[in-house]
Amino acid sequence: MSIKDRRERDLSRYYIKTYKELLKHVDSKLRSLRTPATARKTILLNKLKLAYRIIHDELGVIVSVLDVVDGMPEFFRELYRIYVGEDPDRTRQVFKAYMRIAKEIAQEYLDEIRRGSSDPVKVFREGLGRLLSLYRRKARIIGLVKKYVSEVARMPDVSGDYRVVISGVPQVGKSTLISKLTRAKPEIGSYPFTTRNIIVGHMVVGDIGRIVLIDSPGIIDTSLDEKNIIEKRAILAVKYLADHLLFVFDVNPSFYYSIEEQLRVYEVVRKLIGEKPVTLVVNKVDLVPGDILREMVELIESRTGLKPICISALLEINMDALRKVLVEAFMAYTQRPG
Numbered sequence: 005m006s007i008k009d010r011r012e013r014d015l016s017r018y019y020i021k022t023y024k025e026l027l028k029h030v031d032s033k034l035r036s037l038r039t040p041a042t043a044r045k046t047i048l049l050n051k052l053k054l055a056y057r058i059i060h061d062e063l064g065v066i067v068s069v070l071d072v073v074d075g076m077p078e079f080f081r082e083l084y085r086i087y088v089g090e091d092p093d094r095t096r097q098v099f100k101a102y103m104r105i106a107k108e109i110a111q112e113y114l115d116e117i118r119r120g121s122s123d124p125v126k127v128f129r130e131g132l133g134r135l136l137s138l139y140r141r142k143a144r145i146i147g148l149v150k151k152y153v154s155e156v157a158r159m160p161d162v163s164g165d166y167r168v169v170i171s172g173v174p175q176v177g178k179s180t181l182i183s184k185l186t187r188a189k190p191e192i193g194s195y196p197f198t199t200r201n202i203i204v205g206h207m208v209v210g211d212i213g214r215i216v217l218i219d220s221p222g223i224i225d226t227s228l229d230e231k232n233i234i235e236k237r238a239i240l241a242v243k244y245l246a247d248h249l250l251f252v253f254d255v256n257p258s259f260y261y262s263i264e265e266q267l268r269v270y271e272v273v274r275k276l277i278g279e280k281p282v283t284l285v286v287n288k289v290d291l292v293p294g295d296i297l298r299e300m301v302e303l304i305e306s307r308t309g310l311k312p313i314c315i316s317a318l319l320e321i322n323m324d325a326l327r328k329v330l331v332e333a334f335m336a337y338t339q340r341p342g
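To convert, count from 1 in the sequence shown and add 4; that's the numbering used here.
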């Protein structure tokens, strides 16, 4: 994805006003509008036009945000459905309709003021009230969209051509692995709608593109039973984020988590990710006696059907072999039909 594409998908560029913020903004702008006292009809027309433009523009901001969301990868659209409760295109169509309705309301009351057949002040107040009510009626969903934008904007940049989700129980060295694979300090930010962080690094593969490495501590390495409904559903959305799973084991006999516990976590994550490519890694091999390492590698292979790559991320042992596997998987992904 180009820099231009990432910029166009940057939700942090947008600010959505709550109904209270909109009301305060409209009131401030209308109070600042000055016209000679003899031209009461003119000032009422100008105030109603101004109020319409402000409300129409604020509705337009929401539509613009939803245009962005609807063009983002499935992971972000699924997060939107989880939190807001409907498809982003459905919300967008509603607010587009509200923009059209706002225009019709404004035109109706502007024409009534111009005709002068009724009290212009009363007509103005009624027209302004109807315009504001469009925003007030959708205050709840506007608040949800605003929260969604805030949450996603705090998330590190996960845009790229091939996304590798790194998993494993805590303390297996996932963040060190990312920093060594990318040769850069990983970016840390929030995982939307949870209290957890997400760690992201990027591997540039020549002129072909970039591999995104994603570690989400506490997201898919602990029990879902410990999390609330929104957290659970947000975590399940990880399956849309991953093109590839990289699962990390630590087989040191003194490690807090036994190999059986680690294998159980692997099975859960494997089911969550679905039919995506999987690479297994045994990290910190420099700390494991050779005979134990061989025994653990054989056990992992027999239980998973996959032979793990043995590395030490910290000492950069066998890291080139791991990079090669990821790059080859990325190349195969880019050459898929369609």
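Glycine residues also receive a C-beta, built at the ideal position from the N, C-alpha and C atoms.
Point to revise | Distance between Ile-145 and Val-98 (C-alpha atoms, nearest Å) | key: Near 11 Å, if we compare the C-alpha coordinates of Ile-145 and Val-98.
Practice item. Can you tell me which of the three DSSP states Asp-219 falls into? Key: strand
Exercise for review: With DSSP as the reference, label Asn-322 as helix, strand or coil.
Suggested key: coil
Exercise for review: Just the C-alpha distance for Val-169 and Lys-21, rounded to the nearest angstrom, thanks.
Suggested key: 35 Å
Point to revise | From Val-292, Pro-293, Glu-264, His-248, residue whose alpha carbon lies closest to that of Glu-279 | key: His-248
Point to revise | Ile-239, DSSP secondary structure in three states | key: helix
Practice item. Determine the DSSP secondary structure at Met-103, reduced to helix, strand or coil. Key: Taken through DSSP and simplified to helix, strand or coil, Met-103 comes out as helix.
Point to revise | Nearest-angstrom Cα separation, counted from Arg-94 out to Leu-303 | key: 50 Å
Check your understanding: Where does Asn-287 sit, in a helix, a strand or coil, going by DSSP?
Key -> Residue state for Asn-287 is assigned as strand, using DSSP reduced to three classes.
Review point. What's the gap between the Cα of Arg-158 and the Cα of Lys-243?
Key: Roughly 20 Å between the two C-alpha positions.
Exercise for review: Could you have a look at Asp-161 and say whether DSSP puts it in helix, strand or coil?
Suggested key: coil
Check your understanding: Run through DSSP, which three-state label would Tyr-195 get?
Key -> coil
Point to revise | Beta-carbon gap between Val-204 and Gly-213 smaller than 9 Å | key: no
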